[in-house]
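Undergrad: If you read the protein sequences in the order shown, they are chains P and G. Note that our numbering numbers the first sequence so that position 207 is 207, with each residue one more than the last. Start counting at 1 in the second sequence, then tack on 337, and there's your number in our numbering. Yeah, the Cβ is synthetic: ideal placement off N, Cα and C, and Gly gets one too. If you're wondering where the values come from, they're calculated on a predicted model, not measured in any experiment.
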Amino acid sequence: MPDRNLTPTRADWRVSTPIIGPLLLLALALALAVVPFFAETATLRLMVEILAMIAMAQAWNLLAGYTGFVSVGQQAFIGIGAYGLFLFALKAGVSPFVAVLLGGLVAAGVGAAAAPALFHLRGPYFAIGSWVLAELFRIFITNTAWLGGASGLTLAQAVRGVPLTYRTHTTYWIALGVALLSVVGIYCLLRSRFGLAIRTVRDNEASAQSVGVDVARVKLMVFVVASFITGCAGAVVYLNTMFVTSTAAFTVDWSALIIFVVIVGGLGTLEGPIIGALLYFALREWLADYGTWYIIALGVIAITTMVLAPQGLWGSLTRRLPIELFPAASRLRRVNR
Amino acid sequence: MRDLIDTLVQGILLGGFFALSGLGLSLSFGIMRIVNIAHGDFLVVASYLGVVIVALTGVNPLLALLVIVPLMFAVGYVLQRALLNRAETSNELSPMLITFGLSIILHNALQEIFSADFKSLDAGPIEVASLSAGGVNIGWLPLSILLLALGIFAALHWLIANTRFGRIVRATVDDPEMTSLMGVDPRRIYALGMALSMAIVGIAGSLYGIKSSFNPMAGGDQLLFAFETVIIGGMGSIWGTLAGGMALGVSQMIGLRIDAGWGAFAGHLMFFVFLFVRPNGLLAKGGQHA
Chain P
1 MPDRNLTPTR
11 ADWRVSTPII
21 GPLLLLALAL
31 ALAVVPFFAE
41 TATLRLMVEI
51 LAMIAMAQAW
61 NLLAGYTGFV
71 SVGQQAFIGI
81 GAYGLFLFAL
91 KAGVSPFVAV
101 LLGGLVAAGV
111 GAAAAPALFH
121 LRGPYFAIGS
131 WVLAELFRIF
141 ITNTAWLGGA
151 SGLTLAQAVR
161 GVPLTYRTHT
171 TYWIALGVAL
181 LSVVGIYCLL
191 RSRFGLAIRT
201 VRDNEASAQS
211 VGVDVARVKL
221 MVFVVASFIT
231 GCAGAVVYLN
241 TMFVTSTAAF
251 TVDWSALIIF
261 VVIVGGLGTL
271 EGPIIGALLY
281 FALREWLADY
291 GTWYIIALGV
301 IAITTMVLAP
311 QGLWGSLTRR
321 LPIELFPAAS
331 RLRRVNR
Chain G
338 MRDLIDTLVQ
348 GILLGGFFAL
358 SGLGLSLSFG
368 IMRIVNIAHG
378 DFLVVASYLG
388 VVIVALTGVN
398 PLLALLVIVP
408 LMFAVGYVLQ
418 RALLNRAETS
428 NELSPMLITF
438 GLSIILHNAL
448 QEIFSADFKS
458 LDAGPIEVAS
468 LSAGGVNIGW
478 LPLSILLLAL
488 GIFAALHWLI
498 ANTRFGRIVR
508 ATVDDPEMTS
518 LMGVDPRRIY
528 ALGMALSMAI
538 VGIAGSLYGI
548 KSSFNPMAGG
558 DQLLFAFETV
568 IIGGMGSIWG
578 TLAGGMALGV
588 SQMIGLRIDA
598 GWGAFAGHLM
608 FFVFLFVRPN
618 GLLAKGGQHA
């Protein structure tokens, strides 16, 4: 006969499952999927850029916000994804649309190969190490004529005969697919058992190891997933412009933009990178005529956010209003048995 | 054979500059645990300060050092006090991202003020003078830079190892909370640490402006070279940084011998191979980085 005063309880680490967020996302995805039937080419091109930036920002957020890896070398995977696409399309005759996936896979492969070296560098040193990786590829491509050298590569030859409408629409849908994959994929990843392991590693590697988490494997997996998404997004960006140069694809400015988007939007949330990306493109459309002053303004905004509101726009909002569209953090609660 | 010796000698001479620049980066990490991504941009800022001072007064850029170094010291102090000390202390990555933002602001501001054109500082006949030893030409300028770097390394070593200030710095690095119970304000020590780091960056930047032509975008490469120097040398070892600079200098010289475009590449490649083979650096103390 159990003592009735002692209610047996257990802790439950599971994440709450709201319906609103995923439903909202589904509605948004459907609405976005039909946009090409109404929008002009220029609008579609801009939207491809936004969607690719969302995917890149989600990948960086997975690294920095959820796993604690800060990278300033994301341009390595953007450039590798782009050059992967161009080389498969130009040298192997693969359809450029299919080659987006191949570009992502090449980026994931390079990520997996470089990880053992980069993981020797901890914290801030990892960040700069990843930048060195990008520079290796940039200089190598710039000095190799077969890869287009300093003057770059153009896709014109690979899309000869493909109607413009078909091209822009397909590019747009691929971009939408990559952006959705980044949001939904990372959401599912974080809510899984593996997601719990990821957060444990971020909070304390030693104690994660002591409760049986394979820290090295978790870090490698996260890094490879982020490299894949970033590679696909990079491929999409240059499929959109049809022209790539090593200087543009491997510039550290990519990392600067991605970090701006995530920091201002809200680090460690899935909503933050989306809001940050929309804000960035709004600012760009509005202020880009001011040239360097506009870039300086972005830098000032990012620094101000980091000092005054490190949780970013979305973080500041959810602190005041109890809304969470995509909860991925587990809440401990008591459950009566 | 003579080519080989020449490459080694030129590499070691170049390494003197890398070691000096790396020392500034290493100091800010060693004391404040901050990786200053704007390191290279501040270095280029010092070169441009040289341009301004020479334009205003017409003095030799080597004399301009007397103004640039105290100025950069003040910049470092204010930077740490006004900005970096305010960043979230629980997270070592937040100051790093702030310096990344600063880097973007600095090189765009330099471009706005000075345009993207290349500039250089003219220090007179020392730039081309050289002495010949066993058939190898040794430039007076790189030799002076190397000797100056050695002097600064020795002075810093003495400052940290033998003075009251050095003791306080070492205590603060070991345990900021305990040290503050002893009446030391760690934030002030951090500010002085950054000031010292920036003073060294000021010297390196002026010399950089004399030895090569530069534009506002040169900072990124300079950060990476300084970073590679520190990691190759081994974290936490001042003399390791000196050795790291030499190793990087020699690698770049070998790359340059192959083709003008491959200098930086050879350095980056050596750094990566190094991470696989000897991740703790040439003269590392303790087991791991950071």
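Check this for me: beta carbons of phenylalanine 243 of chain P and arginine 138 of chain P, under 8 Å apart or not?
TA: No, Cβ-Cβ distance for phenylalanine 243 of chain P and arginine 138 of chain P is not below 8 Å.
Undergrad: If alanine 42 of chain P sits next to leucine 180 of chain P, beta carbons under 8 Å apart, how far is it from one beta carbon to the other, in whole angstroms?
TA: With a Cβ gap of about 23 Å, alanine 42 of chain P and leucine 180 of chain P do not count as contacting.
Undergrad: What ranges does the beta strand (DSSP E) occupy inside the segment 426 to 471 of chain G, keeping only unbroken runs of at least 3 residues that lie completely in it?
TA: Within the segment 426 to 471 of chain G, the complete beta strand (DSSP E) runs of at least 3 residues are 467 to 470.
Undergrad: Give me the Cα-Cα distance between arginine 284 of chain P and threonine 318 of chain P, rounded to the nearest whole angstrom.
TA: The alpha-carbon atoms of arginine 284 of chain P and threonine 318 of chain P are separated by roughly 26 Å.
Undergrad: Taking just the CA atoms, how far does alanine 59 of chain P sit from isoleucine 198 of chain P?
TA: Rounded to the nearest angstrom, the two C-alpha atoms are 14 Å apart.
Undergrad: To the nearest angstrom, how far is the alpha carbon of threonine 578 of chain G from that of threonine 344 of chain G?
TA: For threonine 578 of chain G and threonine 344 of chain G, the distance between alpha carbons rounds to 20 Å.
Undergrad: Ends of the alpha helix (DSSP H) at isoleucine 263 of chain P?
TA: Taken as a continuous stretch (DSSP letters only), the alpha helix (DSSP H) holding isoleucine 263 of chain P covers 253 to 265.
Undergrad: Tryptophan 477 of chain G touches chain P at which residues, Cβ-Cβ below 9 Å?
TA: By Cβ distance, chain P contributes nothing, its closest Cβ being about 31 Å from tryptophan 477 of chain G, past 9 Å.
Undergrad: Do you know whose CA, among G:Ile475, G:Ala597, G:Leu458, lies nearest alanine 466 of chain G's CA?
TA: If we check each option's Cα against that of alanine 466 of chain G, G:Ile475 comes out closest.
Undergrad: Within the chosen definition, does the segment 405 to 413 of chain G reach the segment 533 to 543 of chain G through at least 3 CB pairs nearer than 8 Å?
TA: Short answer: they touch.
Undergrad: If we define contact as Cβ-Cβ less than 8 Å, is glycine 265 of chain P a contact residue for chain G?
TA: No - not a single Cβ of chain G is within 8 Å of the one on glycine 265 of chain P.
Undergrad: Which word fits valine 346 of chain G, buried or exposed, when buried means at least 16 other C-beta atoms lie within 10 angstroms of its C-beta?
TA: It is buried - the Cβ of valine 346 of chain G has at least 16 other Cβ atoms within 10 Å.
Undergrad: Going by DSSP, what residues sit across from threonine 154 of chain P in a beta bridge?
TA: Threonine 154 of chain P is bridged to P:Phe243.
Undergrad: Where does glycine 476 of chain G fall in DSSP's three states?
TA: Three-state result, glycine 476 of chain G: strand.
Undergrad: Would a check of beta-carbon distances place glycine 556 of chain G closer than 8 Å to chain P?
TA: By this cut-off, glycine 556 of chain G is not an interface position.
Undergrad: Kindly indicate which residue of P:Val132, P:Phe326, P:Val300, P:Gly268 has the alpha-carbon position closest to the one of leucine 63 of chain P.
TA: For leucine 63 of chain P, the nearest C-alpha among the options comes from P:Gly268.
Undergrad: Please list the terminal residues of the continuous alpha helix (DSSP H) segment that includes histidine 605 of chain G.
TA: Unbroken alpha helix (DSSP H) run through histidine 605 of chain G: 600 to 614.
Undergrad: So is leucine 147 of chain P in contact with chain G if we call contact Cβ pairs under 8 Å?
TA: No, its Cβ sits nowhere closer than 8 Å to a Cβ of chain G.
Undergrad: Beta carbon of alanine 383 of chain G: closer than 7 Å to some heavy atom of the ligand SAM?
TA: The ligand SAM is not among the ligands present in this structure, which contains no ligands whatsoever.
Undergrad: Taking a cut of 8 Å between CB atoms, which residues from the segment 137 to 161 of chain P lie near chain G?
TA: Here the close residues are Ile139, Phe140, Thr142, Asn143.
Undergrad: Can you tell me which of the three DSSP states phenylalanine 551 of chain G falls into?
TA: If DSSP states are grouped into helix, strand and coil, phenylalanine 551 of chain G belongs with the strands.
Undergrad: For the candidate residues P:Phe223, P:Ile296, P:Gly276, whose alpha-carbon lies nearest to that of phenylalanine 119 of chain P?
TA: Out of P:Phe223, P:Ile296, P:Gly276, P:Phe223 has the C-alpha closest to the C-alpha of phenylalanine 119 of chain P.
Undergrad: Leaving out five residues on either side along the sequence, give the residues of the same chain with a beta carbon under 8 Å from the beta carbon of isoleucine 482 of chain G.
TA: Excluding positions up to five away in sequence, the list reads Leu350, Gly353, Phe354, Leu357, Leu544, Lys548.
Undergrad: Is threonine 230 of chain P closer than 8 Å to phenylalanine 77 of chain P when the C-beta atoms are compared?
TA: In this structure, threonine 230 of chain P lies closer than 8 Å to phenylalanine 77 of chain P by Cβ.
Undergrad: Check the Cβ of proline 96 of chain P against every Cβ in chain G and list those closer than 8 Å, keeping chain order.
TA: Residues of chain G passing the Cβ test: none, with the nearest at roughly 29 Å.
Undergrad: Shortest alpha-carbon distance to phenylalanine 502 of chain G belongs to which of G:Ile368, G:Pro432, G:Tyr385, G:Gln417?
TA: The option with the nearest alpha carbon to phenylalanine 502 of chain G is G:Ile368.
Undergrad: Pull up the distance between the alpha-carbon of methionine 607 of chain G and that of leucine 585 of chain G, whole angstroms please.
TA: Distance between the alpha carbons of methionine 607 of chain G and leucine 585 of chain G is about 8 Å.
Undergrad: With a threshold of 7 Å on Cβ separation, who are the neighbours of alanine 127 of chain P within its own chain once the five nearest residues in sequence on each side are excluded?
TA: Excluding residues within five positions, the ones whose Cβ falls inside 7 Å are Val70, Ser71, Val72.
Undergrad: Would you kindly check if the distance between the Cβ of phenylalanine 228 of chain P and the Cβ of leucine 105 of chain P is under 8 Å?
TA: In contact: leucine 105 of chain P and phenylalanine 228 of chain P (Cβ atoms closer than 8 Å).
Undergrad: Could you give the first and the last residue of the continuous alpha helix (DSSP H) run that contains serine 316 of chain P?
TA: Counting along the chain, the alpha helix (DSSP H) containing serine 316 of chain P begins and ends at 312 to 320.
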